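Residues in the sequence shown are numbered from 2 upward in steps of one, following the numbering used here.
The block underneath contains the structure these notes are about, expressed in structure tokens.
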Amino acid sequence: MVKYKQTSDVLKIMKNLEQVRNIGITAHVDHGKTTLSDSLLAMAGLLSEKIAGQALALDYLDIEQKRQMTVKAANVSLYHEYKGKPYVINLIDTPGHVDFQSKTIRALRVIDGAIVVVDSVEGVMTQTEMYLRVALEEMVRPVLFINKIDRLIKELKLSPSEIQQRLVQIIKDINTLIANYAEKEFKSAWQLDPAKGQVVFGSARDRWGFSVPMAQQKGIKFSDVIDVYQRGKEAIPELQKIAPLHEAILDAVVKYIPNPREAQAYRIKKIWHGDLNNPVAKAMLEADPNGPLVMLVNDVRVDPHAGLVATGRVYSGTVRAGEELWLVNARLKQRVLQVGLYMGPYRELADEISAGNIAAVLGLDKARSGETVCSLGVKDTMTPFEKLRMITESVVTVAVEPKDPSQLTKLIDALHKLSIEDPSLIVKINEETGEFLLSGVGTLHIEIALTLLKDLYGLDVVATPPVIVYRESVRAGSRVFEGKSPNKHNKLYISVAPLDENTIRLIQDRIVTEDMDPRDRAKILREQAGWDTDEARRIWAIDDNINVFVDMTTGVQYLRDVKDTIIQGFRLAMREGPLAMEPVRGVKVILHDAIIHEDPAHRGPAQLFPAVRNAIYAGMLTSRPTLLEPILKLDIRTPMEFIGNISTIITKKRGKLIE
């Protein structure tokens, strides 16, 4: 059963990893994720039972309450008793709308299991499939909750046998996805079997639910559920009493979701590409609380009173207040000021959080989502975690300005904070007009950001109509161009060429990454994309927009000293191409030769950045430059009689029907 417990009681249990579960709730939008969270919170004593199902407690922003939609990922730690033993369930509720998928994907990195919620009427939808696929790729084990059973009874008026047929089909659909996308070792082991209690049926809004074993134990039949709804709302409390939803859900979580130590034993090799034989890897594989600290930041929040709070999974060691830690990607050290855990919107303080748990840390104000944090003692050998693969890109842009010009500084600060909390919100300045450009995944994403500017920061802003962001690329290879530094002491000889479709696919699917072992990467590129072995081994950088920088020089003096500066110059050039100042995509940049000045004072960023940029731009402008328009792939489900109208609308918008 679930009971309210003080934070101190929860923290004690967290130290015994066999009694900890890290889970998330994922689903298509409006299938009932946050309503399910309400029911679990009510049973934990964190929410009134009278309003559970309607409160949307983990939707703690005003805009989430108004829209009945989750916008941010929210954390809470629950206490649950199973067979007389106490457990802590670290729960993350995530958005379902595609515009906020980056938050869901970041959450999947730090959890070990997912409650997949499916509406019994709508069945498995596009977002259900997308999130389940990503979860399985991250080696996150699913359990299934088929929600809104009441709709089958009240709206569709199905018989018990018809209800059973529909539920069996949903389970088959989910198991097919598991068979298609799970790692080979789990394709069979993770198949969901209702008879074992891995599937829960119920209504999150009405707060009842049961698994097959629970129904057999308590003598519950679907005909009993139908009878309750036929008798009216007054009878629902009877169902809540004999089939409490939290019991069915959390019992399944405890029984079938692995504890952090079990999960890390097989997940580390998937999400971390360092040497598995070194002491750091061993500590992470065992979730050793006494090992060197390794933490992955998956979320950063702006606390109006305390500043930036970095939330993430501790994979080894123990994070304590006052300790100095190393930020691997940012390459700097920072001191932990406070440690705690989130209970919805509230941050509860703790002395320490050990391996296997999710911690909220104050003091790491330079950390961003995806940052790897480690002890100072292992900073020189620490490999960062693999970057997350985002399914959508920020392709819609608006220009924003304050109605009151005196609020410009306040707007700049607010936009900066929003982009920290949500990395898929991109803020930049149009150098020609001085406008602040805000880019998001879709129009809803932008609309939410503008609403937050008003509600959270008290800003009245004017926004232009949204425009689509393009990408720049090339269709042919260029000759070698010379890029000179402003002081004429450094020269870089660079050519560009388009990346082939196989290479783009390998990078897009995270099969090839910047931080993987160069020999492994070269082998994949050689075998699957036809790269030359020598060229494949000489890759210096792969950026987020699928561009590659290759060093084909030999014997250039001082080149290693300026390698990082050249890579940074490459990344800057790829952010804004020469055609329309749009991001560059699918381009291979090759450094053939270089002349580098011996004096470091004459080869700094101010000298090398223009040399890199000018040579790349010259190459692109002579290589059949082109603009790429984003394409949105939609899965439309509709009755047959509307197909003609939908086809007409799609054609008017320059769309194509694929099948």
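Heads up, the beta-carbon is just placed ideally off N, CA and C, and yes, glycines get one too.
All figures in this text were calculated on a predicted structure; none of them were measured in a lab.
Open item on the list: Measuring alpha carbon to alpha carbon, tell me which residue in 439, 264, 586 is nearest residue 504.
Closed with: Measuring from the Cα of residue 504, the nearest candidate turns out to be 586.
Task: For residue 643: DSSP bridge partner residues - done: As computed with DSSP, residue 643 is found in no beta bridge at all.
TODO: Throw me the rounded Cβ distance for the residue 418 and residue 514 pair, which I believe falls under 8 Å.
DONE: About 29 Å; that fails the 8 Å criterion.
TODO: Starting from the Cα of residue 223, find the closest Cα among 579, 150, 118 and give me that residue.
DONE: The shortest CA-to-CA distance from residue 223 to any of 579, 150, 118 is the one to 150.
- [ ] Just the C-alpha distance for residue 582 and residue 145, rounded to the nearest angstrom, thanks.
- [x] Whole-angstrom Cα-Cα distance: 46 Å.
Task: Cα-Cα separation, residue 320 to residue 294 - done: Residue 320 and residue 294: Cα-Cα distance of roughly 7 Å.
Task: Rounded straight-line distance, which links the Cα of residue 400 to that of residue 630 - done: C-alpha separation (whole angstroms): 19 Å.
Task: For residue 88, the residue or residues it bridges with in DSSP - done: DSSP output for residue 88 lists 81 as bridge partner(s).
Task: Helix, strand or coil at residue 53 according to DSSP, with G and I counted as helix - done: With a pLDDT of 41 at residue 53, under the threshold of 50, the modelled position of that residue is not reliable, and no figure is offered here.
Task: Proximity below 8 Å, CB of residue 318 to CB of residue 356 - done: Yes, they are a contact pair.
Task: Neighbourhood of residue 403 by C-beta, 8 Å cutoff - its chain only, sequence neighbours within 5 removed - done: Within the same chain, Cβ atoms closer than 8 Å to the Cβ of residue 403 are found at 409, 411, 412, 460, 461, 462, 463, the five residues on either side in sequence being excluded.
Open item on the list: Please state the DSSP three-state secondary structure of residue 1.
Closed with: With the chain represented from 2 up to 660, any question about residue 1 goes unanswered, as that position is not in the structure.
TODO: Output the boundary residues of the alpha helix (DSSP H) element that contains residue 540.
DONE: From DSSP, residue 540 is part of no alpha helix (DSSP H) but of the beta strand (DSSP E) over 540-543.
- [ ] For residue 534, count neighbouring Cβ atoms within 10 angstroms of its own Cβ and tell me buried if that reaches 16, exposed if not.
- [x] Classified as exposed, residue 534 has fewer than 16 neighbouring CB atoms from the shown chains inside 10 Å of its CB.
- [ ] Please state whether DSSP places residue 206 in a helix, a strand or coil.
- [x] In the three-state reduction of the DSSP assignment, residue 206 falls in the coil class, being assigned neither a helical nor a strand state.
Open item on the list: Taking DSSP's pairing of strands, which residues face residue 20 in a bridge?
Closed with: Paired residue(s): none; residue 20 is not in a bridge.
Open item on the list: Relative to the C-alpha of residue 370, which candidate in 592, 142, 385 has its C-alpha closest?
Closed with: Comparing C-alpha distances from residue 370 to each of 592, 142, 385 shows the shortest one belongs to 385.
Task: N-terminal and C-terminal residue of the beta strand (DSSP E) that residue 403 is part of - done: Residues 397-403.
TODO: Just confirm the distance between the C-beta atoms of residue 260 and residue 11, as a whole number of angstroms; I'd bet it's less than 8 Å.
DONE: The Cβ separation is near 16 Å, so there is no contact.
TODO: Per DSSP, which residues does residue 354 bridge with? Please list them.
DONE: For residue 354, which the question treats as bridged, DSSP gives the partners 320.
- [ ] Can you give me the start and stop residues for the alpha helix (DSSP H) that residue 593 sits inside?
- [x] Per DSSP, residue 593 belongs to no alpha helix (DSSP H); it is in the beta strand (DSSP E), 588-596.
- [ ] Can you check DSSP and say which residues form a bridge with residue 264?
- [x] As computed with DSSP, residue 264 is found in no beta bridge at all.
- [ ] Check whether the segment 589-597 touches the segment 430-449, counting contact only when three or more Cβ pairs, one atom from each stretch, lie closer than 8 Å.
- [x] The segment 589-597 vs the segment 430-449: no contact.
Open item on the list: Assuming residue 425 is part of the beta strand (DSSP E), what are its boundary residues?
Closed with: For residue 425, there is no enclosing beta strand (DSSP E), as DSSP marks it with neither H nor E.
Task: Rounded Cβ spacing between residue 303 and residue 447 (contact assumed at less than 8 Å) - done: The beta-carbon separation of residue 303 and residue 447, rounded to 19 Å, does not stay under the 8 Å limit for a contact.
Open item on the list: What ranges does the beta strand (DSSP E) occupy inside the segment 117-183, keeping only unbroken runs of at least 3 residues that lie completely in it?
Closed with: Those beta strand (DSSP E) runs which fall completely within the segment 117-183 and span 3+ residues are 142-148.
Task: Three-state secondary structure (DSSP) of residue 240 - done: Helix.
Open item on the list: Buried or exposed, going by whether 16 or more other CB atoms sit within 10 Å of the CB of residue 347?
Closed with: When all chains shown are included, residue 347 counts as exposed.
Task: Those runs of the beta strand (DSSP E) which lie wholly inside the segment 606-630 and span at least 3 residues - done: The qualifying runs are 626-629.
Task: Residue range of the beta strand (DSSP E) that includes residue 344 - done: Residues 339-344.
Task: Cα-Cα separation between residue 627 and residue 476, rounded to whole angstroms - done: Rounded to whole angstroms, residue 627 to residue 476 spans 7 Å at the Cα level.
Open item on the list: For residue 1 and residue 366, what's the separation of their Cα atoms in angstroms?
Closed with: Here the chain has residues from 2 to 660 only, and residue 1 is not among them.
Task: For residue 143, the nearest candidate out of 116, 156, 246, 315 (CA to CA) - done: For residue 143, the closest of 116, 156, 246, 315 by C-alpha to C-alpha distance is 116.
- [ ] Rounded to whole angstroms, what's the CA-CA distance from residue 262 to residue 287? Just pull it up for me.
- [x] Taking the straight line joining both Cα atoms gives about 6 Å.
Open item on the list: I'd like the list of long-range same chain contacts for residue 328, defined as Cβ closer than 8 Å, with 5 residues on each side in sequence excluded.
Closed with: Residues 334, 335, 365, 367, 368, 372, 373, 374 of the same chain have their beta carbon placed closer than 8 Å to that of residue 328, with the five preceding and five following residues left out of the count.
- [ ] State the DSSP-derived secondary structure class of residue 108, mapped to helix, strand or coil.
- [x] Note: residue 108 maps to helix in three-state DSSP.
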